[in-house]
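Chemist: Quick note, in my numbering, the sequence shown goes up one by one and the last residue is 690.
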Amino acid sequence: MNEPGRGDGRSIIGRSLERQDARDKVTGRARYTVDLAVPGMIEGKVLRSPYAHARIVSIDTSKAARHPGVLAVLTGADLTDIDPYFGQAVRDQPVLAIERVRFAGEPVVAVAAVDALSAEEALRHVSVEYAPLPVIRTIDEALAPGASQLQVDRPRSTLFPDVQDIKPDVTRNICHHFSFRRGDAARAFAQADLVFDDTFTLPSVHHFPLEPLGAIAHHQGGELTVWTGTQYPFAMRQALAEMFGLPQSRVRIVVPYVGGAFGCRELIPAAPIASVLSRRCGVPVRVVFSSEETARTSSRNAGRVRIETAVMKDGTLVGRRAEIHLDTGAYTDQGSRVSKKAGYRVVGPYRIPHVEVNSYAVFTNTVSAGSYRGFGTPEVCWAYESQMDIIAARLGMDPLELRMKNLLKRNEEYAQGDRPIDSDLDLALETIAKEIGWHATRRPGEGAGLACAVKDGGGTRTSSTAIVRLHQDGSATVLASSAEIGQGVQSVLGQIAAAELALDPARVSVTAPDTGVTPFDQRTNASRATSLLGHAVQEAASRVAEQVRAIAGEALGVSAEACRLESGGVIANGQRLTFGQVIQRFFRDAGGELIGHGYQRPAAGLNALGATASFWEIGLGAAVVTVDRETGAITLHRYVSLSDPGRAINPAGVEGQDLGGAMQGLGP
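Next comes the structure, spelled out in structure tokens:
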């Protein structure tokens, strides 16, 4: 049944509509950062360190500066008139290396020239003398007594409130230490029938998006405009404003089409490099990294997870201790956040009353580790779900039965202060088990496995703003700043607004992020765009709808509550006004538009992460494989992925995201 005042618009929700960007992308009309050509633009290139750890003794750029076509050559020593550091949690990463390099591939020298070839040739004329320093490659080397100190204390970033509690100990190469406790773990372990103690390791993983990282910057007249495919346009604006000492009103970030992200497009390092070059040259500068350079910018943490689980003979989990060490690389980046999330989520989707967790992010001389699809969750889920199979085998239990026995139920509390679980995990697990024929007889060499995870979704303490404009021809525009990184969010936001206004979705446009035009949104990550920014869009559209009903009610001589929106117009007592007629009446034929604002504030409450989860993300997987006992070759015969998105606004988009995530997880 339709709600009072709203017509058939709600039928739009739950329909698999064509994406707004689909035709541009498949026909080649979509223009990415690498395709843009700003008038007067020149090209920037970067010389990178071949050493993982070294002191910079000297840099001679004189020959490079004289090379034909070169307009600027910059080193870290040339950036003394700005704050040359940036970072999401700690401002510890220099735009260009200052005095020391901390990983192989760190930017050392930047050149701007009339074309890319001239810039690349000029870099070959740069001479850098390095004094190699001891290289710390692993977590164990970093934590060893007497290990070289890789970082110094640097100011905290002001970009995000949830990183203000970071606890570094740079003298021990610890980026952050997160602890999480509940109950009495020591007592639980003392009283348990069995204790399982297992350690799991995980490698670094790179994102490899189809489009490499890049940016175009134009710094002129005390104003800076940057075109880049960032997931964080407003954080990027703030970071660059602080770097150059500019008001945020004089820094503009424009986000074009983006060729995939997966977490690697946050504070894109190409942007500050292009910005300092443009500031020196006075013209727009484009810096585009190669795929190899992009891989040397960010990765998922390597690490190890030690889990001790106290278990009763009947399979009841009563306690868990975990010690997590994640390699965050040379700079903090997202290291503090990842270690917090991993530590909080290592309990898994299970009812474990007594918990003691210590999670560490550790500095090494490797590429900085940042966000990568659900950061903190894959690392620990791999560990705790592997141990669940170990426990089941030792107890002689069916792994499915063990999980079902301990799964959290809907409305159970994950942790004190957090929102209750909002999904039926047991039903989901039963569903995927049935899909792969869990109880079927297996052939020799064939096996089946399953896994289950929950993740606090939406990020920690995030906010969003949206604006909806209803034009005098009855069409609408949504202004929102969520980056379209392949997930289909702009189409979904348009669908939400269309539903609220009872409009044909084809008459709703969604504007790409542009900090000079679109309103504030903290970031595009953590599956928050549809769930949180979508609420802001819904509220903004609802406020427009309220205005329409009020104006129409006055014109038709009825109450606003008696007016119903339907098919781009208002109906009451057998009379109909189009949205255009409503706007004409309100503005007395002078022309105009109705505007609504919507806001999404952080969830109330406090958990170990600093704020209550906005919602829970549910993910399950099940597989059937065979293993060749002679060669070790693994053949995947079937994989089933299950998620619980609630009511899917665009089901085809949800399915596409789920399939894409599964394929990326499986790898080539």
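Built from N, CA and C at the ideal position, the CB exists for glycine as well.
Apply the 10 Å Cβ neighbour rule to THR386 and answer buried if 16 or more other Cβ atoms are within range, or exposed otherwise.
Modeler: Its Cβ being crowded by 16 or more others within 10 Å, THR386 is buried.
Chemist: How many Å lie between VAL360 and ALA391 at the Cα?
Modeler: Between VAL360 and ALA391, the C-alpha separation is close to 9 angstroms.
Chemist: Can you tell me where the beta strand (DSSP E) with ALA414 in it begins and where it stops?
Modeler: It is not in any beta strand (DSSP E) - ALA414 instead sits in the alpha helix (DSSP H) that spans 399-417.
Chemist: Within the continuous beta strand (DSSP E) that includes SER531, where are the two ends?
Modeler: 530-533 is the extent of the beta strand (DSSP E) around SER531.
Chemist: List the endpoints of the continuous alpha helix (DSSP H) containing PRO673.
Modeler: Its alpha helix (DSSP H) spans residues 673-688.
Chemist: Start and end of the alpha helix (DSSP H) containing ALA44?
Modeler: Where ALA44 is concerned, the enclosing alpha helix (DSSP H) stretches over 44-49.
Chemist: For a quick check, are the C-beta atoms of HIS75 and ARG124 less than 8 angstroms apart?
Modeler: Taking 8 angstroms as the Cβ cut-off, HIS75 and ARG124 qualify as a contacting pair.
Chemist: Pick from LEU232, LEU492, VAL368 and THR354: whose alpha carbon is nearest that of VAL384?
Modeler: Nearest option by C-alpha distance: THR354.
Chemist: What does HIS89 pair with, by DSSP beta-bridge criteria?
Modeler: In the DSSP output, where bridge partners are listed per residue, HIS89 has none listed.
Chemist: Is it buried or exposed for PHE200, if we count other Cβ within 10 angstroms and need 16 for buried?
Modeler: Result: buried.
Chemist: In chain order, what residues of the same chain have a beta carbon less than 6 angstroms from the beta carbon of MET23, not counting five sequence neighbours either side?
Modeler: Reliability fails at MET23, whose pLDDT of 32 lies under 50, so the model's placement of it is uncertain and the value that follows must be treated cautiously. So no residue of the chain qualifies.
Chemist: Report the CB separation of GLY205 from VAL377 in whole angstroms; it is logged as a contact under 8 angstroms.
Modeler: About 6 angstroms separates the two Cβ atoms, so the contact holds.
Chemist: Is ILE656 buried or exposed, if buried means 16 or more other CB atoms sit within 10 Å of its CB?
Modeler: Exposed, since its Cβ has fewer than 16 Cβ neighbours within 10 Å.
Chemist: Near ASP142, which residues of its chain fall below 7 angstroms by C-beta distance, leaving aside the five closest residues on each side in sequence?
Modeler: Contrary to the premise, residue 142 reads as Glu rather than Asp in this sequence. Counting only Cβ-Cβ distances below 7 angstroms, and skipping sequence neighbours, we find LYS67.
Chemist: Here's a check: name, in chain order, each residue in its chain whose Cβ is nearer than 6 angstroms to the Cβ of ARG122, leaving out the five neighbours to either side.
Modeler: So the list reads ARG77, once near-sequence residues are dropped.
Chemist: Nearest to GLN42 by alpha carbon, out of ARG70, GLY643 and ALA534?
Modeler: The option with the nearest alpha carbon to GLN42 is ALA534.
Chemist: Would you mind listing the alpha helix (DSSP H) stretches within the segment 83-134 that are 4+ residues and don't spill past its ends, in chain order?
Modeler: Within the segment 83-134, the complete alpha helix (DSSP H) runs of at least 4 residues are 84-88.
Chemist: For TYR382, which residues does DSSP report across the bridge?
Modeler: Answer is HIS199 and HIS347.
Chemist: Less than 8 angstroms separating the beta-carbons of LEU555 and GLN622?
Modeler: Result yes, Cβ atoms of LEU555 and GLN622 sit closer than 8 angstroms.
Chemist: By the three-class DSSP mapping on this structure, what secondary structure does ASP220 have?
Modeler: Note: ASP220 maps to strand in three-state DSSP.
Chemist: Is VAL592 a contact residue of the ligand NAD, with contact defined as CB to any heavy atom under 7 angstroms?
Modeler: For the ligand NAD, the structure offers nothing, since it holds no ligand at all.
Chemist: Can you tell me the Cα-Cα spacing of TYR279 and ALA52, whole angstroms?
Modeler: Distance between the alpha carbons of TYR279 and ALA52: 6 angstroms.
Chemist: Enumerated in chain order, which unbroken segments of the beta strand (DSSP E) with a length of 3 residues or greater are wholly contained in the segment 154-192?
Modeler: For the segment 154-192, not a single whole beta strand (DSSP E) run of length 3 or above is found.
Chemist: Less than 8 angstroms between the beta carbons of GLY62 and VAL136, yes or no?
Modeler: Taking 8 angstroms as the Cβ cut-off, GLY62 and VAL136 do not qualify as a contacting pair.
Chemist: Note down, in chain order, each residue of its chain lying with its Cβ closer than 6 angstroms to the Cβ of ASP680, except the 5 sequence neighbours on either side.
Modeler: Excluding residues within five positions, the ones whose Cβ falls inside 6 angstroms are SER663 and SER665.
Chemist: In or out: HIS659 buried (at least 16 other Cβ within 10 Å) or exposed?
Modeler: Exposed is the call here.
Chemist: According to DSSP, is TYR73 helix, strand or coil?
Modeler: Of the three classes helix, strand and coil, the one that applies to TYR73 here is coil, per DSSP.
Chemist: Might you give, ordered along the chain, the residues of its own chain that have their beta carbon closer than 6 angstroms to the beta carbon of SER504, omitting 5 neighbours on each side?
Modeler: Answer for SER504: VAL511, ASP543, THR546, ALA551 and LEU555, listed in chain order.
Chemist: How close, in whole Å, do the beta carbons of THR247 and ALA293 come, if the pair is a contact with beta carbons under 8 angstroms?
Modeler: The Cβ separation is near 11 angstroms, so there is no contact.
Chemist: Around the Cβ of GLY675, are there at least 16 other Cβ atoms within 10 angstroms (buried) or fewer (exposed)?
Modeler: Classification of GLY675: buried, given that the 10 Å Cβ count is 16 or more.
Chemist: Please confirm whether VAL112 and ILE81 have their CB atoms less than 8 angstroms apart.
Modeler: No, Cβ-Cβ distance for VAL112 and ILE81 is not below 8 angstroms.
Chemist: Using the three-state DSSP reduction, which class does THR316 fall into: helix, strand or coil?
Modeler: In the structure shown, THR316 sits in a helix (DSSP, three-state: H, G or I).
Chemist: Under three-state DSSP, which class holds SER361?
Modeler: Of the three classes helix, strand and coil, the one that applies to SER361 here is helix, per DSSP.
Chemist: Thinking just about the alpha-carbon of each residue, which of LYS335, ASN323 and PRO183 is nearest to the one in ASP215?
Modeler: Measuring from the Cα of ASP215, the nearest candidate turns out to be LYS335.
Chemist: Would you tell me roughly how many angstroms separate the C-alpha atoms of LEU289 and GLY439, rounded to the nearest one?
Modeler: Rounded to the nearest angstrom, the two C-alpha atoms are 31 angstroms apart.
Chemist: When you compare only the Cα positions, how much space is there between GLU25 and VAL277?
Modeler: At GLU25, the pLDDT of 46 sits below 50, so the modelled position is not reliable; the number obtained from the coordinates is stated separately. Answer to the nearest angstrom: the Cα atoms are 37 angstroms apart.
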